[in-house]
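Residue numbers for the sequence shown follow the numbering used here, so the first one is 6 and each next one is one higher.
Glycine residues also receive a C-beta, built at the ideal position from the N, C-alpha and C atoms.
Treat the numbers as computed from the prediction; the structure is a model and nothing was measured.
Structure, as structure tokens:
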Amino acid sequence: KDVVSKGIPVLGSFNQLTKISNETMIFWAAALMRLPSSVLIVKDKQCSDDKACERISAFMSDQGVAPDRLFFMPITHDWNDHLQHYNLIDVALDATPWSSATTAFDALGMGVPLVAIRGRCMSARMSSSIVKATGMASWVAENPGDYANIVADLCSDLIALRRNKGVRQQAFLSSKLFDSTEMTNCLQEAFISMVQKARLN
């Protein structure tokens, strides 16, 4: 909370640490270097493991990101408390090649922009598909340079970014992505279609 009150860009990832590959951290480092005053909050149950955190700190340090810009937060057992931690971050960062899925829905559902990494396989494209479904294709990048630019653009006016969080949240929750009824109907229609095709064969 002290970090947020200082008015500096707070980036965050609540992905499992096992998803945080070196490739992921190259994207993250590009964003952090593009925003020299920014910090990164990493939150996962494995953050209680010093060795797991040191792996990330060491690699990010090799990329030019000082360790004191990284904050590791252990898991929050209460689900509502966990979601409230999204209020600490301005922009959520993706992982690759195992991209954000549940964490993508969590971030967007809390009104936090998720900058997605579009990779080369299905597991690396889930987050970009989710983000595009909200109409924010401009939040998808395929290389570290573009990724850093998108994050920097989002953080260019922190006051507006934070003030409009509620507006984004309502827009995302009202989008087709969060319309469970429509998704259920579409799934039902798909199953019916598959059964009908199977009978014809």
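Of all alpha-carbon atoms in Ala106, Asn27, Glu28, Met38, the one lying nearest the alpha-carbon of Leu16 is that of Met38. Ranked by Cα distance from Gly140, the options Arg130, Met199, Lys181 are led by Lys181. Out of Ile25, Val96, Ser18, Lys50, the CA that lies nearest to the CA of Leu163 is found in Val96. In the DSSP annotation of this structure, Ala121 is not part of any alpha helix (DSSP H); the continuous beta strand (DSSP E) holding it starts and ends at 119-122. Annotation for Ile46: the continuous beta strand (DSSP E) segment containing it runs 44-48.
Counting the other Cβ atoms within 10 Å of the Cβ of Val200 gives fewer than 16, which makes it exposed. Inter-residue distance for Trp144 and Asp54 is about 32 Å (C-alpha atoms, whole angstroms).
A distance below 8 Å separates the beta carbons of Phe64 and Asn27.
In the three-state DSSP reduction, Phe76 falls in the strand class (E or B). For Asn154, the closest alpha carbon among the candidates Ile25, Gln175, Trp33, Thr101 is that of Trp33. Here Ala97 carries a strand assignment [DSSP, helix/strand/coil]. Runs of the alpha helix (DSSP H) lying entirely within the segment 145-194 and spanning at least 4 residues, in chain order: 149-159, 163-168, 170-178.
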